[in-house]
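Data block below; observations after.
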Amino acid sequence: ATAVGSTADDAEPHLIATGGRVLNVVAVGDDFAEARRRAYEAIGQLRLDGGQYRTDIAARVAD
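Just so you know, we're using the working numbering here: the sequence shown kicks off at 3 and counts up by one.
What follows is the structure, given as structure tokens:
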């Protein structure tokens, strides 16, 4: 699941970030490790020019 915020439309069919958090990615799995893997797999399918994301989400509980 994804939720979009802090965005605006541009002349093309694109969303432009206007600041702050612009996207949440949520994933589920049989355990934390699987849910984490699926979330980062979904992030890998996104194209976010200049985008940043955390790489430590659920790291402590997924091990």
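Quick reminder that beta carbons are idealized off the backbone N, C-alpha and C, glycines included.
Nearest residue (CA-CA) to residue i, options the options
i     : options                       : result
Ala19 : Asp51, Glu36, Ala35 and Phe34 : Asp51
DSSP state of residue i mapped onto helix, strand, coil
i     : result
Ala29 : coil
Ala41 : helix
Ala60 : coil
Spatial distance of residue i from residue j (CA atoms)
i     : j     : result
Asp32 : Gly21 : 34 Å
Ala35 : Ile59 : 10 Å
Thr49 : Ala64 : The amino acid occupying residue 49 in the given sequence is Arg; Thr does not appear at that position. One C-alpha to the other measures close to 26 Å.
Ala3  : Gln54 : With a pLDDT of 48 at Ala3, under the threshold of 50, the modelled position of this residue cannot be trusted, and the question is left open.
Contact under 8 Å by Cβ, residue i with residue j
i     : j     : result
Ala29 : Ala37 : yes
Ala41 : Val24 : no
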